[in-house]
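In this note's numbering, the protein residues as written are 21 to 391. Where a beta carbon is used, it is the ideal one built from N, C-alpha and C, also for glycine. In this text the structure is predicted, and so the values were computed from the model without any measurement.
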């Protein structure tokens, strides 16, 4: 999002993918506010200064959005509130229909919420959208945010320009982005001639080409191989640490969320059901699991284990049986003692720590594969 554009820019000529809406557009100014009001501009500056002191980049308070009327009405976002500190990377998760897209578009001014407020750097986005969004950009809908007829480098220069930045003044940053995202070799290649994964990298580079301090990334690793995903993860972390960039990242890839995010927000049925660090959410889920594979896990031994511990899975392969039980603290030693006393010869043993996927399922009742 950039503050120079009023309204959304739709591209129907195929230049930016297949007629997608460009993310480099800000919402329309509130008609009740005079955009030339000097007092209003001073308020925006004062708000930015106050927030810079408090370190809050995004503040959402009581945000709600309802679609339709009567019994068929759907509440997409239901009284959601949170703050995101400057320079942090926050993951946004939720099953399909949880309200993630509506929430993000409401924050970005693409949807008008029914209730609640959003502030970017202390500036109310409803009252001063151009001021609020002057430091915000977004990569939405994957690799459909760039002008495919332009080269990679031309895209970076273009998006820096519409963000109010002289592209020559950030040419060094562009070169570093091209190197870091492994795009330097393709800098003068038209985007339409690149693979899907490369287009995804160009979309990310275009978002980072200007001077945004807050960015929203929707599925940034879509179409990337493992090596490219790790490169992107490193670059996001570097930008957060070196530039103080604030990142809101939405992804189906739990590994990416765990690898780069300082904190995670989880939505379910339009409500915020979790807001904490990855480690804290894992601890919240509770015990780790002990996985044992042996030919000696007879029905009697399994019955003893089930009597004393929470058995989560049992499977058979040939003459071997695998069993997974939840253990917490001293229970791990109790389980090992029981197996020893019953003369169970262990073929394979491992401990399984709860991960973000487990937390997600507990809070939303949905497997990641179902999203």
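By the 10 Å Cβ neighbour count, where 16 or more other Cβ atoms means buried, how is residue 333 classified, buried or exposed? When all chains shown are included, residue 333 counts as exposed.
Taking residue 266 as part of the beta strand (DSSP E), name the residues at either end of that continuous run. DSSP places residue 266 in the uninterrupted beta strand (DSSP E) bounded by 266-270.
I'd like the list of long-range same chain contacts for residue 99, defined as Cβ closer than 6 Å, with 5 residues on each side in sequence excluded. Hits under 6 Å: 82, 84.
Residue from 132, 321, 104, 385 whose Cα sits closest to the Cα of residue 233: It is 104 whose Cα lies nearest to the Cα of residue 233.
Is DSSP giving residue 253 helix, strand or coil here? DSSP places residue 253 in helix when its eight states are reduced to three.
Can you tell me where the beta strand (DSSP E) with residue 334 in it begins and where it stops? Looking at the DSSP string, the run of the beta strand (DSSP E) that includes residue 334 is 330-337.
Under three-state DSSP, which class holds residue 229? It is coil, neither helix nor strand.
For residue 194, count neighbouring Cβ atoms within 10 angstroms of its own Cβ and tell me buried if that reaches 16, exposed if not. Answer is buried; the Cβ neighbour count reaches 16.
Does residue 189 come out as helix, strand or coil in the three-state DSSP assignment? Note: residue 189 maps to helix in three-state DSSP.
Any idea if residue 244 is buried or exposed, counting beta-carbon neighbours within 10 angstroms, 16 or more meaning buried? Residue 244 is buried by the Cβ-count criterion.
Per DSSP, which residues does residue 274 bridge with? Please list them. Paired residues: none, contrary to the question.
If you draw a straight line from the C-alpha of residue 371 to the C-alpha of residue 352, how long is it? In a straight line, the C-alpha of residue 371 is about 9 Å away from that of residue 352.
Do residue 255 and residue 200 have their CB atoms nearer than 8 Å? Yes, the pair counts as a contact, with Cβ atoms nearer than the cut-off.
Helix, strand or coil for residue 106, going by three-state DSSP, please let me know. Looking at residue 106 - three-state DSSP - the assignment turns out to be coil, as it is neither helix nor strand.
Please specify which runs of the alpha helix (DSSP H), each continuous and at least 4 residues long, are wholly inside the segment 189-225, giving them in chain order. Counting only runs of 4 or more, we get 191-200.
Return yes when the Cβ of residue 129 is within less than 8 Å of the Cβ of residue 80, no when it is not. The Cβ atoms of residue 80 and residue 129 lie no closer than 8 Å to each other.
Please report how far the alpha carbon of residue 368 lies from the alpha carbon of residue 257, in whole angstroms. Distance from the CA of residue 368 to the CA of residue 257, rounded to the nearest whole angstrom, comes to 37 Å.
Less than 8 Å between the beta carbons of residue 288 and residue 152, yes or no? Their beta carbons are not under 8 Å apart, which means residue 288 does not touch residue 152 by this criterion.
Rounded to a whole number of angstroms, what is the C-alpha to C-alpha distance between residue 154 and residue 170? The straight-line gap from Cα to Cα measures roughly 24 Å.
Identify the continuous beta strand (DSSP E) that holds residue 139 and give its terminal residues. For residue 139, the enclosing beta strand (DSSP E) covers residues 135-140.
Comparing C-alpha positions only, which one of 124, 184, 340, 131 sits nearest to residue 159? Of 124, 184, 340, 131, the smallest CA-CA separation from residue 159 is found for 124.
Rank 311, 264, 260 by C-alpha distance to the C-alpha of residue 341 and give the top, closest one. With distances taken between Cα atoms, residue 341 lies closest to 311.
Given this structure, state the Cα-to-Cα distance separating residue 76 from residue 141, to the nearest angstrom. A direct Cα-to-Cα measurement between residue 76 and residue 141 gives close to 7 Å.
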